[in-house]
Amino acid sequence: MLSESQKDLVKATVPVLRENGVALTGYFYNRMLTNNPNLKETFNLGHQRSGAQAQALAGAVLAYAENIDDPSVLMPVIELVSHKHVSLNIQAPDYDIVGENLLHSISEVLKIPMEDDLIKAWAAAYGQLANIFIETEKRIYDEHQKTKGSWLGWRKFKVAKKVAESAEITSFYLQPSDGGPIAPHHAGQYVSVRVVVPELGIKQPRQYSISDCPREDHLRISVKREEAKEDKVGGWVSNTLHQNVQEGDEIEVSAPTGNFFLFDSNKKNVLISGGVGLTPMVAMLNHLVSLNMPQPVQFIHACRDGKVHAMKQHLKDLKAQHTQLNTLVAYEFPQDSEVQGEDYDVAGRLDLATLSDEQLPKDADYYLCGPAPFMQAQHKTLVARGIKPEQIHSEAFGTGGVNFS
Ligand SMILES: Cc1cc2nc3c(=O)[nH]c(=O)nc-3n(C[C@H](O)[C@H](O)[C@H](O)COP(=O)(O)OP(=O)(O)OC[C@H]3O[C@@H](n4cnc5c(N)ncnc54)[C@H](O)[C@@H]3O)c2cc1C
Ligand code: HEM
């Protein structure tokens, strides 16, 4: 238990951490990965390259210090991060490694001896936070353990089929190599996938939303290739999957997890996506189709143009079969050959303010997924139209989407 004076010491560290937070966590990651090189196959080294992970952890540590009197206010975020930790098979002993490296980093960066009361206070505070995570994660692991067809850690899956869905998105149909069953997931959940990245010579994990409703013998993920461009290096795992992983190859897959999924199929649902953010939405839509779509569904999708418009025909086919399904597709930069009303509905950026109340019903649940600025813009417009924030659910595809503060 943290004493009152320890709480005061931790709270007093907030301004120092604000100033040194990112430098501190950068130092911490280097220290931890140098001392525990096996953890390089757990952490997203892409986020280390871009600094995103250091900022996410710094934000988490700060928010925790600020809420030390009542850490329960952080529970929704802890739940979200715990799902990600579980998908990466993070276990209780890993918290000791992180804790030890974090405390030594605070000591080394702030030049405070390890025996100082401040470090002892942080040790107690970290222990308290780690216990909350460990408990939350144990609950999720236990659920997987008792569910038939679910699994703990990494399970080998064979790539049964690769299907190009657009110029940059390819679907991977994954079958368990052990031939066993797959527990049904909640439509919208994701898996972690782990492959050897040739450039690094080690495995790297990434999360991918399952892009279909539960199927007995396979899972499907749909991956956008993060191509190298003038101002951007190529993405490690997406390029490995597109270029190096062939049909018949095996990859490692975690059990489906995540708390972004279709909550109520008996309500009106509005599914709004930008770019590759359509993957969890197609899973939700296919799930609703499997239930014969009890309520009206709006499927709203924005992308650059027809070349990158994934699963276009699938959506058209569903629309032709289900009168309850309404679709709206916005192309930001339609090609001259693309016809409004046929290939797409709206030219330019998606602007929800222009849609009707029938398209955006007040009594619907809303699901959002896409690039961060896209989601922020849609969220703002929905709230301005009188949709309550608790009706809007969203998924961020990168680290740092979690707002701890
Ligand atoms: C819950 C969840 C679900 C997801 N679902 C999907 C999905 O369905 N489909 C999908 O395609 N993706 C999905 N993602 C994203 C996916 O996990 C990966 O982040 C994505 O595939 C990129 O991984 P990568 O290894 O190819 O790129 P990385 O190597 O991780 O690089 C990521 C990006 O950072 C850039 N970058 C790298 N280094 C730097 C640097 N030094 N400075 C600046 N930028 C840099 C790269 O150019 C690249 O664009 C999801 C993510 C989450 C968290
Ligand atoms: C109390 C301790 C911890 C805190 C506060 C914490 C916090 C976080 C946060 C905020 C994220 C980002 C989530 C997101 O943006 O989606 C994250 C992701 C992650 N965490 Fe933790 N974490 C802790 C412990 C651990 C431990 C013990 C490990 C394993 C050794 C670990 C490994 C990871 C990995 C691999 C990711 C995903 C990395 C990425 O995608 O960049 N974490 N954690």
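Numbering (the working numbering) for the sequence shown: -13 to 391.
In this text, a Cβ means the ideal position worked out from N, Cα and C, and glycines have one as well.
Here the structure is a predicted model, which means the values were calculated and not measured.
Check your understanding: Leaving out the 5 sequence neighbours to the left and right, which residues in its chain are closer than 8 Å to residue 151 when beta-carbon positions are compared?
Key -> 157, 208, 296 and 297
Check your understanding: Considering only residues of the segment 292 to 328, which uninterrupted beta strand (DSSP E) runs meet the minimum length of 3 residues and lie entirely inside it, listed in chain order?
Key -> Taking only runs of at least 3 residues, the beta strand (DSSP E) segments lying wholly in the segment 292 to 328 are 311 to 317.
Check your understanding: Any residues whose CB sits closer than 5 Å to a heavy atom of ligand 1? List them in chain order?
Key -> Those residues having their beta-carbon less than 5 Å away from any non-hydrogen atom of ligand 1 are, in chain order, 32, 35, 36, 176, 192, 193, 194, 195, 209, 210, 212, 218, 219, 221, 222, 223, 224, 262, 265 and 383.
Check your understanding: How should residue 391 be labelled, buried or exposed, when 16 other C-beta atoms within 10 angstroms of its C-beta is the threshold for buried?
Key -> Unreliable positioning characterises residue 391 in this predicted model, as indicated by a pLDDT of 41, which lies under 50. The coordinate reading is nonetheless provided below. It counts as exposed.
**Study point:** Nearest neighbour of residue 74, chosen from 251, 170 and 243 [CA to CA]
**Key:** 243
Exercise for review: Just confirm the distance between the C-beta atoms of residue 225 and residue 211, as a whole number of angstroms; I'd bet it's less than 8 Å.
Suggested key: 6 Å
Exercise for review: May I have the straight-line CA-CA distance separating residue 387 from residue 358, to the nearest angstrom?
Suggested key: Note on residue 387: pLDDT 47, under 50, position unreliable in the model; the coordinate value appears next. One C-alpha to the other measures close to 8 Å.
**Study point:** Which of helix, strand or coil DSSP assigns to residue 51
**Key:** The answer is helix: DSSP assigns residue 51 an H, G or I state.
Review point. For residue 9, which residues of its own chain have a beta-carbon under 8 Å away from its beta-carbon, when the five flanking residues on both sides are left out?
Key: 95
Review point. To which residues of the same chain is residue 435 closer than 8 Å at the C-beta, ignoring the five residues directly before and after it?
Key: Given a span of -13 to 391 for the chain in the structure shown, any question on residue 435 remains unanswerable.
Exercise for review: Using 10 angstroms around the beta-carbon of residue 175, count the other beta-carbons present and answer buried if the total reaches 16, otherwise exposed.
Suggested key: buried
Practice item. Identify, in the order they occur along the chain, each residue of the same chain with its Cβ nearer than 8 Å to the Cβ of residue 206, setting aside the five sequence neighbours on each side. Key: 157, 158, 159, 160, 196, 197 and 198
Practice item. Under 8 Å by Cβ, that's how I've got residue 271 and residue 257 pegged, so tell me the actual separation to the nearest angstrom. Key: 6 Å
Check your understanding: For ligand 2, is there a heavy atom less than 7 Å away from the beta-carbon of residue 172?
Key -> no
Review point. So, residue 264 versus residue 287, is the Cβ gap smaller than 8 Å?
Key: yes
**Study point:** Status (buried if at least 16 other CB within 10 Å, exposed otherwise) for residue 103
**Key:** exposed
Review point. For the putative contact between residue 365 and residue 342, defined by C-beta atoms under 8 Å, what is the C-beta separation to the nearest angstrom?
Key: Going by Cβ atoms, the distance from residue 365 to residue 342 rounds to 19 Å, so no, they are not a contact pair.
Review point. If we call anything under 8 Å between Cβ atoms a contact, is residue 239 one with residue 177?
Key: Using a Cβ distance threshold of 8 Å, residue 239 and residue 177 count as a contacting pair.
Point to revise | Three-state secondary structure (DSSP) of residue 79 | key: helix
Practice item. Determine the contact status of residue 191 and residue 28, defining contact as a CB-CB distance below 8 Å. Key: yes
Review point. Which class does residue 391 belong to by DSSP, given the choice of helix, strand or coil?
Key: Residue placement at residue 391 is flagged as unreliable, the pLDDT there being 41, under the threshold of 50; the coordinate-derived value follows with that caveat. DSSP places residue 391 in coil when its eight states are reduced to three.
**Study point:** Pairwise C-alpha distance: residue 146 and residue 335
**Key:** Between residue 335 and residue 146, the C-alpha separation is close to 36 Å.
Check your understanding: Can you check whether the CB of residue 282 is closer than 8 Å to the CB of residue 312?
Key -> The answer is yes: Cβ separation under 8 Å.
Exercise for review: Determine the DSSP secondary structure at residue 333, reduced to helix, strand or coil.
Suggested key: strand
Review point. Looking at C-alpha atoms only, which residue of 261, 55, 42 and 274 is the closest neighbour of residue 254?
Key: 274
Review point. Tell me, which residues are paired with residue 260 by DSSP?
Key: 288
Point to revise | residue 256 beta carbon near ligand 2 (any heavy atom closer than 7 Å) | key: no
Exercise for review: Would you mind sorting residue 30 into buried or exposed? The rule is 16 or more other CB atoms within 10 Å of its CB.
Suggested key: buried
Exercise for review: Tell me where the beta strand (DSSP E) around residue 373 begins and ends.
Suggested key: Note, residue 373: premise wrong, no beta strand (DSSP E); not H, not E.
Point to revise | Rounded Cβ spacing between residue 292 and residue 318 (contact assumed at less than 8 Å) | key: Not a contact, Cβ separation roughly 11 Å.
Exercise for review: Would you mind working out which of 350, 154, 228 and 164 sits nearest residue 183, comparing C-alpha positions?
Suggested key: 228
Check your understanding: Can you name the start and end residues of the beta strand (DSSP E) that residue 147 belongs to?
Key -> 141 to 150
Practice item. Grab the span of the beta strand (DSSP E) containing residue 233 for me, first residue to last. Key: No beta strand (DSSP E) holds residue 233; DSSP gives it neither H nor E.
**Study point:** Cβ pair residue 316, residue 331 closer than 8 Å
**Key:** Between residue 316 and residue 331, the C-beta gap is smaller than 8 Å, which places the two residues in contact.
Check your understanding: Quick one: is residue -13 buried, meaning 16 or more other Cβ sit within 10 Å of its Cβ, or exposed?
Key -> exposed
**Study point:** Simplified DSSP state of residue 6, which is helix, strand or coil
**Key:** helix
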